[in-house]
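One structure is given below, encoded as structure tokens.
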Amino acid sequence: MPGPDALADAQAGLERVDETVWVEVIRKMDEVYNDLLQYEVVLEQKNAALEDSQQFIESVLASMSDILIVCNRHGTIQEINDSLRRCIGQDESQLRGRPLAELFADEGSRQRARDFFSAARPAAVQDCELLISGRDGSPLPVSLNCTPRLSGTGKLVGMVVTGRPVGELRRAYHALRQAHEDLKRTQQQLVQAEKMASLGRLVAGVAHELNNPISFVLGNVLAFRRYAARLQTYIEAVHSDDCQRSPEVDRLRQELRIDRIMADLEPLLDGMTEGGERTRDIVDGLKRFSAIDRTVDEPFNLAEVVARAVRWVTRSGPAAFQVKVDLPADLPVTGSSGQMQQVLMNLVLNARDATGGCRSPQLEIAAIIADRTVCLHLDDNGPGIAPSDLSRVFDPFFTTKPVGQGTGLGLSISYGIVERHGGRLEVSNRAQGGARFSLILPLAQSMP
Numbered sequence: 172m173p174g175p176d177a178l179a180d181a182q183a184g185l186e187r188v189d190e191t192v193w194v195e196v197i198r199k200m201d202e203v204y205n206d207l208l209q210y211e212v213v214l215e216q217k218n219a220a221l222e223d224s225q226q227f228i229e230s231v232l233a234s235m236s237d238i239l240i241v242c243n244r245h246g247t248i249q250e251i252n253d254s255l256r257r258c259i260g261q262d263e264s265q266l267r268g269r270p271l272a273e274l275f276a277d278e279g280s281r282q283r284a285r286d287f288f289s290a291a292r293p294a295a296v297q298d299c300e301l302l303i304s305g306r307d308g309s310p311l312p313v314s315l316n317c318t319p320r321l322s323g324t325g326k327l328v329g330m331v332v333t334g335r336p337v338g339e340l341r342r343a344y345h346a347l348r349q350a351h352e353d354l355k356r357t358q359q360q361l362v363q364a365e366k367m368a369s370l371g372r373l374v375a376g377v378a379h380e381l382n383n384p385i386s387f388v389l390g391n392v393l394a395f396r397r398y399a400a401r402l403q404t405y406i407e408a409v410h411s412d413d414c415q416r417s418p419e420v421d422r423l424r425q426e427l428r429i430d431r432i433m434a435d436l437e438p439l440l441d442g443m444t445e446g447g448e449r450t451r452d453i454v455d456g457l458k459r460f461s462a463i464d465r466t467v468d469e470p471f472n473l474a475e476v477v478a479r480a481v482r483w484v485t486r487s488g489p490a491a492f493q494v495k496v497d498l499p500a501d502l503p504v505t506g507s508s509g510q511m512q513q514v515l516m517n518l519v520l521n522a523r524d525a526t527g528g529c530r531s532p533q534l535e536i537a538a539i540i541a542d543r544t545v546c547l548h549l550d551d552n553g554p555g556i557a558p559s560d561l562s563r564v565f566d567p568f569f570t571t572k573p574v575g576q577g578t579g580l581g582l583s584i585s586y587g588i589v590e591r592h593g594g595r596l597e598v599s600n601r602a603q604g605g606a607r608f609s610l611i612l613p614l615a616q617s618m619p
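Residue numbering for the sequence shown is 172 to 619, as defined by the working numbering.
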């Protein structure tokens, strides 16, 4: 058994050992605490970065105009964006956990959505148009793209479905197509305007050159008419009973048919005069038609323009085509008489062509004056216009005539001319058959 001294030494040794251990434990605790502080700082930094990334992703998803759906590999919805919520009128809590197929409006679309997940390794789907149930329950066509979502090891974990309502795509395509058509129409109108300007200059020159020979012909016809009267008087005097004439003169008169020639002179001169005056009227109309309109605010009588247009068309067309004009003597309007004559000639020509197959082709032109406007109705007795074509009659290049007989620009140009005059050009089918074109123009300010 140890003595008291030995016990004291052992107790002192234990005290020294305990002190050393506690110092080491405290040092280790300090190290662990420092590591925890560093880990906490790093964790807070990573958490802040994660929150920033989360907010960035959420802001990107919220600002997307396309719909976005994230599904697991079984087709169950896991995440959606605001665009889809706005599109179908349901919030995230109602959609999360539901099968993707339930979003679609018809069974065909639902089955197609199920097919996205049917294969063991589904392939990407591009521009698949399906019907989704809209906010009000109506079918809404959407164009969908479906892409497999893989884990870091390449394992399939789900699908990402993106899409856009087809209505937006169609509106954008329609706007682009309309802009293209407008550009084409403008280009063609510029080409047509240049051709018409060149033709106008040519016609103006030809009309000017024709004036002189026409004047010569009419002047000579008038002089020859006076000479024929004198010759008639002289021949009657030579062959009168009071004048001694030889049998040879009588025989020569019979042989040369002098009596028939003298009888034909008056009708021949009348025909020459009528032809010369008609040619002069045509030349005068050509000059009016080809004249450059420096202003479009000059007053003119619409009734005179109608009469001139009808005269031009009927003289150059078949005699069977009859035009009945029932207009007031004075229809004052403001604008360009030359351009308005072009419009009316197009309308009368179209009526003549439309009634070509009728037994008695006819066009009736009448006017109604009301509310300081004049409405000119041009009614033909042709077959009318197909209902499907009524909305396209004034479109550029639209024509029902055979190839080579019409460019489809006449009514389109006429429509633009009437609009520039502050009026309207309309078309409809009459109940009794045939087509009606209505030209509505404001009356001149001087009209009571």
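Where a beta carbon is used, it is the ideal one built from N, C-alpha and C, also for glycine.
Take the Cβ of residue i as the centre, count every other Cβ of all protein chains shown within 10 Å, and call the residue buried at 16 or more, exposed below.
| i | result |
| --- | --- |
| Q297 | exposed |
| A525 | buried |
| D550 | buried |
| R523 | buried |
| A606 | buried |
| F387 | exposed |
| V192 | exposed |
| A602 | exposed |
| G575 | With a pLDDT of 47 at G575, under the threshold of 50, the modelled position of this residue cannot be trusted, and the question is left open. |
| R465 | The predicted model places R465 with a pLDDT of 49, which falls under 50 and marks its position as unreliable; any figure quoted below should be read in that light. Under this definition R465 is an exposed residue. |
| V212 | exposed |
| P336 | buried |
| H592 | buried |
| T333 | buried |
| G442 | exposed |
| N391 | exposed |
Mapping the DSSP letters down to three states, classify residue i as helix, strand or coil.
| i | result |
| --- | --- |
| L427 | coil |
| C529 | coil |
| T444 | helix |
| D253 | helix |
| I248 | strand |
| F288 | coil |
| A219 | helix |
| V477 | helix |
| D277 | coil |
| K355 | helix |
| H592 | coil |
| N552 | coil |
Quick check on this structure: which residue in the options has the alpha carbon closest to the alpha carbon of residue i?
| i | options | result |
| --- | --- | --- |
| V589 | D550, T318, P438, V545 | V545 |
| S280 | T485, N243, V313, G594 | V313 |
| P532 | A434, F492, G509, L502 | F492 |
| T247 | C258, R306, Q265 | Q265 |
| G305 | Q510, G323, S254 | S254 |
| V409 | R424, A399, Y398 | R424 |
| N382 | N252, Q226, R451 | R451 |
| L389 | E445, P438, S309, E380 | E445 |
| L561 | L214, N252, L596, E273 | L596 |
| Q616 | D566, G555, A538, V504 | V504 |
| A538 | V519, N552, C529, D497 | D497 |
Report, in whole angstroms, the separation of the C-beta atoms of residue i and residue j, which I expect to be a contact under 8 Å.
| i | j | result |
| --- | --- | --- |
| V477 | L515 | 6 Å |
| L440 | F395 | 7 Å |
| L302 | A284 | Going by Cβ atoms, the distance from L302 to A284 rounds to 11 Å, so no, they are not a contact pair. |
| C242 | M330 | 5 Å |
| G506 | D542 | About 18 Å separates the two Cβ atoms, so there is no contact after all. |
| L612 | G594 | 4 Å |
Measuring CB to CB, does residue i end up less than 9 Å from residue j?
| i | j | result |
| --- | --- | --- |
| N316 | A290 | no |
| L547 | L473 | yes |
| R269 | D262 | no |
| P499 | I540 | yes |
| R293 | L327 | Looking at the sequence itself, residue 293 is Pro, so the reference to Arg does not match. The answer is yes: Cβ separation under 9 Å. |
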